[in-house]
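Q: Listed in order, the protein sequences are those of chains W and G.
Sequential numbering from 1 applies to the first sequence in my numbering.
Sequential numbering from 133 applies to the second sequence in my numbering.
2 protein chains.
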Amino acid sequence: MSDATFTIGEMCDAFDVTPRTLRFYEAKELLFPVRVGQKRLFTKSDRARLKLILQGKRFGFSLEEIRQLLNLYHIGDQQTTQITRTYELGLQHLATMEAQRDELVNAIEDLREQLQWGEKLLQERGIKAAAE
Amino acid sequence: MSDATFTIGEMCDAFDVTPRTLRFYEAKELLFPVRVGQKRLFTKSDRARLKLILQGKRFGFSLEEIRQLLNLYHIGDQQTTQITRTYELGLQHLATMEAQRDELVNAIEDLREQLQWGEKLLQERGIKAAAE
DNA sequence: GAATCAGCTTACGTTAACGTCAACTTCCGC
DNA sequence: GCGGAAGTTGACGTTAACGTAAGCTGATTC
C-alpha cells in the first residue's frame, strides 16, 4: 500500500512545477525517482521530499542547504558517524529557523503599525476605501 | 540631531555588506545616498531602509519586491492614489508574511520531531554526544 | 611630493535556478 | 502502421544579485 508511483506529469500538476524543475532537482540529488526503462517514476518519498524542498525555498534556503536538510528524513539508513553530523546540522537549521521566525514576527508587527499609519492617513484625506 | 550621515565604509562595517552591494542597491533605487561631490553619504533613512532590505532578503523576498515594500516607509510624500496602491500592496505583503510565519512554525515543529527521533536513535546506538 | 587610502565609474565575470529549444523514443488509440 | 501525447537527453539561454578587475580622483600623511 505504499507502492503508489507518479509520472512526471502528475507530479507537475500536483505541485505546480515544470518537468525541467523536477529533472533539475534529480540532477542535484534532491529527488531520486525510480527508472522504468527511460521514464522516471516518483515515489511517495519523492513527494514528501518535494514538499519539503518547496517549503524550504519559501523560507529562503538554497537548494544545497535543503539537500543536506533532507538527509534528516533518511536518517535511519546512515552510518552512525554520519547520523551525528546530520543531527547537528539539523540543530543548526532549527536555530536558524527559530531566529527567522522571531524576526518575522517582529517584522509583521512593524508592518502592521505602518499600515495603521497609512490607514489613518487615508482617512484624513477622506478616501473611501476601495469599497466600490 | 537627525543630520548624522555615514560613509560607504561605515555602512559596510555596520551591516556587513560590501561597497559593491550598496552601490548596487542604489542603482536599483533601494537606497538614495546624498552626494557630496563624488562621494556618497548615507543618511539615517538609508540605514533604516538597508535594515529592512536585509531582513526582507532573509525571508526570501526579491529585491524588486522589497523595493515596492519600502515605499511604505515613504508613504507621507506621495499622491493619494499612490498611497492607496502602496497600502494595498502592504496588505498583500502582510498576508504573505503571516502565511510564511504559520508555515515556518509548522516546519519548526516537524523538524523538532525529526531531531528527537535522531536523538533517540543516537542513544540506542550508544553514542556519547559530542561532549568530548 | 610621493604614497597611501577611501571612494568612484565602467565593464565584464560568476553562480544559482531554472527556461527553452532541438532532436529522439515509447506508448496508445484508431 | 500512423499520428499524437508524454517523456527523454543534451546544450545553450536567461535573470537576479552581486564579485572582480582596471583605471581614475581627492584627501591625508609622512
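We treat Cβ as the ideally placed atom computed from N, Cα and C, and that holds for glycine.
Does DSSP classify residue 171(G) as helix, strand or coil?
A: Strand.
Q: Just to confirm, is the Cβ distance from residue 221(G) to residue 115(W) under 8 Å?
A: It is not a contact, given that the beta carbons lie outside the stated cut-off.
Q: Verify whether the separation of the beta carbon atoms of residue 94(W) and residue 243(G) is less than 8 Å.
A: Yes. Within cutoff.
Q: Give a yes or no on whether the C-beta atoms belonging to residue 66(W) and residue 233(G) are separated by under 8 Å.
A: No, they are not a contact pair.
Q: For residue 322(G) and residue 170(G), what's the separation of their Cα atoms in angstroms?
A: No answer is possible for residue 322(G): it lies beyond the span of chain G, which begins at 133 and ends at 264.
Q: What are the uninterrupted segments assigned as beta strand (DSSP E) that are 3 or more residues long and contained completely in the region 11-98 of chain W, given in chain order?
A: The region 11-98 of chain W contains these whole beta strand (DSSP E) runs: 34-36, 39-41.
Q: When the Cα atoms are used, what is the spatial distance from residue 26(W) to residue 159(G)?
A: Each residue's alpha carbon lies about 37 Å from the other.
Q: Ordered along the chain, which non-local residues of its own chain (more than five positions away) have a Cβ less than 7 Å from that of residue 29(W)?
A: Once the five neighbours on either side are set aside, the close Cβ partners of residue 29(W) are 67.
Q: Starting from residue 21(W), find everything on chain G with Cβ-Cβ shorter than 8 Å and list it in chain order.
A: Here the premise fails: no neighbours, minimum Cβ distance about 17 Å.
Q: I'd like to know if residue 93(W) contacts chain G, where contact means its C-beta is closer than 8 Å to some C-beta of that chain.
A: So, interface residue.
Q: Among residues of its own chain, excluding the 5 on either side of residue 59(W), which ones have a beta-carbon nearer than 8 Å to its beta-carbon?
A: Counting only Cβ-Cβ distances below 8 Å, and skipping sequence neighbours, we find 97, 100.
Q: When the Cα atoms are used, what is the spatial distance from residue 177(G) to residue 70(W)?
A: Taking the straight line joining both Cα atoms gives about 41 Å.
Q: When burial is assigned at 16 or more other CB atoms within 10 Å of the CB, is residue 165(G) buried or exposed?
A: With 16 or more other Cβ atoms within 10 Å, it is buried.
Q: I want to check one thing, is the minimum distance from the CB of residue 237(G) to the heavy atoms of the ligand MG below 7 Å?
A: With respect to the ligand MG, the structure shown offers nothing to examine, as it has no ligands at all.
Q: Return the CA-CA distance between residue 130(W) and residue 210(G), expressed in angstroms with no decimal places.
A: Reliability of the predicted coordinates at residue 130(W) is poor, the pLDDT of 49 falling under 50, and the value obtained from them is presented with this limitation in mind. Cα to Cα, the separation comes out at about 18 Å.
Q: Output the distance between the C-alpha atoms of residue 173(G) and residue 20(W), rounded to the nearest integer angstrom.
A: Straight-line Cα distance between these residues: approximately 45 Å.
Q: Determine, using beta carbons only, whether residue 75(W) and residue 86(W) come nearer to each other than 8 Å.
A: Yes, the pair counts as a contact, with Cβ atoms nearer than the cut-off.
Q: Out of curiosity, what's the CA-to-CA distance linking residue 47(W) and residue 188(G)?
A: About 29 Å.
Q: Compile a chain-ordered list of the residues in the region 104-122 of chain W whose CB is closer than 8 Å to at least one CB of chain G.
A: Per Cβ criterion, the list reads 104, 105, 107, 108, 111, 112, 114, 115, 117, 118, 119, 121, 122.
Q: Using beta carbons (cut-off 8 Å, strictly below), is residue 207(G) in contact with chain W?
A: Closer than 8 Å: yes.
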